[in-house]
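For reference, the structure is listed below as structure tokens.
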Amino acid sequence: GSATLKTSDGQDHVYYYRVPATAPPAAGSPVLFWLHGDGGTGDGYGAGFYSNTDPDAAILLTPSGINKTWTHAADDVAGLPQDSQFISLILDKIIAEGVACAKVNPKRIYLGGESRGAYMPYYFLQRASTRDRLAAVTVNAGLIECVAGDASCDAGGARADLHSVKTPILHLHGTNDTSVSPPPLPTFTGGGEDWRVFYPMNLWSRNNGCFDGNAGGKNNGVLLETFSVSGHTARRYNLSAWAASCSKYELLLVDNGGHVINGQESRIWNFLKG
Numbered sequence: 015g016s017a018t019l020k021t022s023d024g025q026d027h028v029y030y031y032r033v034p035a036t037a038p039p040a041a042g043s044p045v046l047f048w049l050h051g052d053g054g055t056g057d058g059y060g061a062g063f064y065s066n067t068d069p070d071a072a073i074l075l076t077p078s079g080i081n082k083t084w085t086h087a088a089d090d091v092a093g094l095p096q097d098s099q100f101i102s103l104i105l106d107k108i109i110a111e112g113v114a115c116a117k118v119n120p121k122r123i124y125l126g127g128e129s130r131g132a133y134m135p136y137y138f139l140q141r142a143s144t145r146d147r148l149a150a151v152t153v154n155a156g157l158i159e160c161v162a163g164d165a166s167c168d169a170g171g172a173r174a175d176l177h178s179v180k181t182p183i184l185h186l187h188g189t190n191d192t193s194v195s196p197p198p199l200p201t202f203t204g205g206g207e208d209w210r211v212f213y214p215m216n217l218w219s220r221n222n223g224c225f226d227g228n229a230g231g232k233n234n235g236v237l238l239e240t241f242s243v244s245g246h247t248a249r250r251y252n253l254s255a256w257a258a259s260c261s262k263y264e265l266l267l268v269d270n271g272g273h274v275i276n277g278q279e280s281r282i283w284n285f286l287k288g
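Residue numbers for the sequence shown, in my numbering: 15 to 288.
Below you can see the structure in the form of structure tokens.
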């Protein structure tokens, strides 16, 4: 089904949902928000998750950004579509009312996205009305950029208050991603090929005792798994060398991989629901 919500600027936003037939837990169904990239919409998006989320009675919720894109802002910035407010309003609605008569478990709401939609989780972890409501997030080829006037966005780590939540983060990236491709930070070159775990994930891991900003040792991540993605070597790391609790910061890096790492719905969902 689908529904529409109006933001404070008077603009209508639409979101789509899939409620599986699987009997939900007594506490209510988990929910996965999955956000499209540039040029996409939420209509029919995220079908690759069905075989993973349906058995867990998880509701898949796929909003559409205005003009098939997303405003990259944590705050409501004047003159820009209020996409972050839109997601916040959906959270209010589904927690209070459920989705199509299906009760929602407010402690099991997950959010992720791809490409331009993959920037959004980092904004929602900073926005006051959303940052404490997400059980875990996934970023598939996204970063942080702060637009002028966004008082709730910090991309450099200067404001610890904006990066204090303990939300688990899974970040996926290809080393040859030319669409979302920051260079390795000079401090970290030569310290291991999993340098992308440091930014932007380090803004949160540092505040929770799982990163100290040095190039070597525990910051390079613990290798959990090596496998193949489209003929390229993929490596999955976490920061559990710091402490068991630091396993919640996880990186999936594909050597010579391009933009958006496909076919990872099972790994994404297993991380989120865990």
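Backbone N, C-alpha and C define an ideal beta-carbon position, used for all residues, glycine too.
Residue of the options minimising C-alpha distance to residue i
| i | options | result |
| --- | --- | --- |
| glycine 163 | Lys287, Ala87, Ala17 | Ala87 |
| asparagine 119 | Leu237, Pro39, Gln25 | Pro39 |
| leucine 103 | Lys20, Cys260, Gly272 | Lys20 |
| threonine 247 | Lys262, Glu239, Leu237, Val268 | Val268 |
| glycine 288 | Pro34, Pro44, Arg145, Tyr29 | Pro44 |
| isoleucine 101 | Pro214, Lys117, Asp23, Ser143 | Ser143 |
| glycine 62 | Gly277, Arg281, Phe285, Asn284 | Gly277 |
| asparagine 154 | Arg145, Gln140, Ala169, Tyr136 | Tyr136 |
| valine 28 | Leu46, Thr55, Thr36, Ser22 | Thr55 |
Which of helix, strand or coil DSSP assigns to residue i
| i | result |
| --- | --- |
| glutamate 159 | coil |
| tyrosine 31 | strand |
| phenylalanine 100 | helix |
| tryptophan 283 | helix |
| serine 166 | coil |
| lysine 12 | Coverage of the chain is limited to positions 15 through 288, which leaves residue 12 absent and any answer about it impossible. |
| tryptophan 218 | helix |
| alanine 255 | coil |
| aspartate 57 | coil |
| lysine 117 | coil |
| aspartate 23 | coil |
Beta strand (DSSP E) segment containing residue i, residue limits
| i | result |
| --- | --- |
| proline 77 | 73-77 |
| threonine 83 | Counting along the chain, threonine 83 falls outside any beta strand (DSSP E), and DSSP gives it neither H nor E. |
| phenylalanine 154 | Strictly speaking, residue 154 in this sequence is asparagine, with phenylalanine absent from that position. Unbroken beta strand (DSSP E) run through asparagine 154: 150-154. |
| lysine 262 | Taken as a continuous stretch (DSSP letters only), lysine 262 belongs to no beta strand (DSSP E), as it is neither H nor E. |
| valine 243 | 236-243 |
| alanine 17 | 16-20 |
| phenylalanine 47 | 43-49 |
Heavy atom of the ligand NAD within 8 Å of residue i beta-carbon
| i | result |
| --- | --- |
| histidine 177 | No copy of the ligand NAD appears in this structure; indeed no ligand is present at all. |
Contact set for residue i: own chain, Cβ-Cβ below 7 Å, skip 5 residues either direction
| i | result |
| --- | --- |
| tyrosine 59 | Trp48, His50, Thr76 |
Residues of its chain near residue i, where Cβ-Cβ distance is below 8 Å and the 5 sequence neighbours each way are ignored
| i | result |
| --- | --- |
| asparagine 190 | Asn270, Gly271, Gly272 |
| proline 200 | A caution first: proline 200 carries a pLDDT of 46, below 50, which makes its placement in the model unreliable, though a value can still be read off. Excluding sequence neighbours, proline 200 sits near nothing in its chain. |
| histidine 177 | Leu139, Gln140, Asp168, Gly171, Leu217, Trp218, Arg220, Asn221 |
Spatial neighbours of residue i in its chain, beta-carbon cut-off 6 Å, leaving aside the 5 residues before and after
| i | result |
| --- | --- |
| cysteine 260 | Cys224, Leu253, Ser254 |
| aspartate 90 | Gln96, Gln99 |
| leucine 105 | Arg147 |
Start-to-end residues for the alpha helix (DSSP H) that takes in residue i
| i | result |
| --- | --- |
| asparagine 66 | 64-67 |
| phenylalanine 138 | 130-138 |
Tell me whether the stretch 143-156 and the stretch 75-84 touch, counting them as touching only if at least three CB pairs, one residue from each stretch, are closer than 8 Å. no
I'd like to know if the stretch 156-176 and the stretch 103-112 are in contact, where contact means that at least 3 CB-CB pairs between them fall below 8 Å. no
On the three-pair Cβ rule with 8 Å, is the stretch 63-72 touching the stretch 94-106? no
Taking contact to mean 3 or more Cβ pairs, one atom from each stretch, closer than 8 Å, check whether the stretch 220-228 and the stretch 182-191 are in contact. no
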